[in-house]
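What follows is a set of notes on a single structure, which appears directly below.
Number of protein chains: 2
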Amino acid sequence: MSVRLDEIDRKILVELQQDASQSLDEIARKVGSSKTPVWNRIRKMKDAGIIARQTVLLDAEALGLEACFFVLIRTSEHEAEWQRKFLATLRARPEVLEAHRLAGDIDYILKVRVKNARAYDQFYQALISEVKIYNVTALLSMEEIKFTTILPV
Amino acid sequence: MSVRLDEIDRKILVELQQDASQSLDEIARKVGSSKTPVWNRIRKMKDAGIIARQTVLLDAEALGLEACFFVLIRTSEHEAEWQRKFLATLRARPEVLEAHRLAGDIDYILKVRVKNARAYDQFYQALISEVKIYNVTALLSMEEIKFTTILPV
DNA sequence: TATGAAAGCTAGTATCA
DNA sequence: TGATACTAGCTTTCATA
Chain A
1 MSVRLDEIDR
11 KILVELQQDA
21 SQSLDEIARK
31 VGSSKTPVWN
41 RIRKMKDAGI
51 IARQTVLLDA
61 EALGLEACFF
71 VLIRTSEHEA
81 EWQRKFLATL
91 RARPEVLEAH
101 RLAGDIDYIL
111 KVRVKNARAY
121 DQFYQALISE
131 VKIYNVTALL
141 SMEEIKFTTI
151 LPV
Chain B
1 MSVRLDEIDR
11 KILVELQQDA
21 SQSLDEIARK
31 VGSSKTPVWN
41 RIRKMKDAGI
51 IARQTVLLDA
61 EALGLEACFF
71 VLIRTSEHEA
81 EWQRKFLATL
91 RARPEVLEAH
101 RLAGDIDYIL
111 KVRVKNARAY
121 DQFYQALISE
131 VKIYNVTALL
141 SMEEIKFTTI
151 LPV
């Protein structure tokens, strides 16, 4: 599954990450190649799963999703059944944009985007009513200093 | 700047977020409209800044970026000049995917993606050598349970 | 507003060097 | 392999209802 990428592959990925609406000819010109090889490289990287999805990024503020919380979770439960239910809950909730299982004394971190603090509280109440959680700390974002989906390739 | 979205606009945003490579005809069919009105709605939402960017999402693991850290930062410095330098550093560092200024006793949270723990340490050393930081806690992700850029519209 | 037609581009493929 | 040429289908625009 691990495809070795050369300089041109990397340049293509940079361009696509920055603006996926560019035409093949445009990308080819920028990376110093021509259409067909660029097209073949992109296809190869899609097949290899390196390019996962093509999407649009929306402005959360413009959509009225003005509150962003990072939620630190400690749990006393570590059985498989509890975990299955917890994960299913997170995956089902559209306001949960990210969830990670952590090493260390904090077990999980979530990134949650909602309209306002009240909407967060509703999410929180729903979560703790569905699964038993030992300790929750919510960190409220005052300002998004940086957000990028561009990975350094 | 706030554009009111109707049901069709929302459906279009759902489709575009799920797969931006779909043709206009396909989206039009799914949302129960036709090509030109869908195109006009998309253009309006781009102009309004609701649709911010069109991009591809890459698979970090496939690219060898196997370590993800959430970094909790406390600082004793709160002057404008310190903050300016801190933000400039974060923005310049491609391994910093997200940075938020927080309310509460933790001042900042970062999401950092790197190849491995050593690469994180290099980032950490570079960061603390550039700006004075009072306290840093790094949370290591063991498993990405959920990651989505799809906002609930 | 939506529709349909029309113009100009682009993706994807085939062929050649 | 990479460049060139082709075409089907797409985006974008515009006239019309």
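Those sequence lines, one after another, are chains A and B. The opening residue of the first sequence carries number 1 in the UniProt record's numbering; numbering runs sequentially from there. The opening residue of the second sequence carries number 1 in the UniProt record's numbering; numbering runs sequentially from there. Where a beta carbon is used, it is the ideal one built from N, C-alpha and C, also for glycine. Quick caveat: nothing in here was measured; it's all calculated off a predicted structure.
query                                                                                                                             : result
So is B:ARG41 buried or exposed if we call it buried at 16+ other beta carbons inside 10 Å?                                       : buried
Which chain A residues are close to B:ILE51, counting only those with a beta carbon under 7 Å from its beta carbon?               : VAL56 and LEU58
Can you tell me where the beta strand (DSSP E) holding A:THR137 begins and where it ends?                                         : 135 to 147
I think A:MET142 touches B:LEU151, with their Cβ atoms under 8 Å apart; what is that distance to the nearest whole Å?             : That belief does not hold up - the Cβ atoms of A:MET142 and B:LEU151 are roughly 20 Å apart, past 8 Å.
Please report how far the alpha carbon of A:LYS85 lies from the alpha carbon of A:GLN22, in whole angstroms.                      : 42 Å
Do you know offhand how far A:ARG118's Cα is from A:GLU66's?                                                                      : 12 Å
Have a look at B:PHE123, B:ILE12 and B:GLY104 and flag the residue whose alpha-carbon is nearest the alpha-carbon of B:ILE27.     : B:ILE12
According to a CB-to-CB cut-off of less than 8 Å, which residues of the segment 22 to 36 of chain A neighbour chain B?            : none
Tell me where the alpha helix (DSSP H) around A:GLU81 begins and ends.                                                            : 80 to 92
Using 8 Å as the limit for Cβ to Cβ distance, is B:PHE123 near chain A?                                                           : no
Using Cβ-Cβ distances below 7 Å, what residues of the segment 114 to 144 of chain B are close to chain A?                         : LEU139, LEU140, SER141, MET142, GLU143 and GLU144
Taking only the alpha-carbon atoms, compute the straight-line gap between B:LEU5 and B:LEU16 and give it to the nearest angstrom. : 15 Å
Run down chain A in chain order and give the residues with a C-beta less than 7 Å from the C-beta of B:ILE109.                    : PHE70 and LEU139
Against chain A, with Cβ distances strictly below 8 Å, would B:VAL14 count as a contact?                                          : no
Let me see if you follow: with CB-CB separation under 8 Å, is A:VAL96 close to chain B or not?                                    : yes
Does the separation of the CB atoms of B:TYR134 and B:ARG74 fall below 8 Å?                                                       : yes
If the criterion is Cβ atoms closer than 8 Å, does the pair B:ARG53 and A:VAL56 meet it?                                          : yes
Measuring alpha carbon to alpha carbon, tell me which residue in B:GLU98, B:LYS35, B:ARG43 and B:ARG113 is nearest B:VAL3.        : B:ARG43
Between B:LYS11 and chain A, is there a C-beta pair that is closer than 8 Å?                                                      : no
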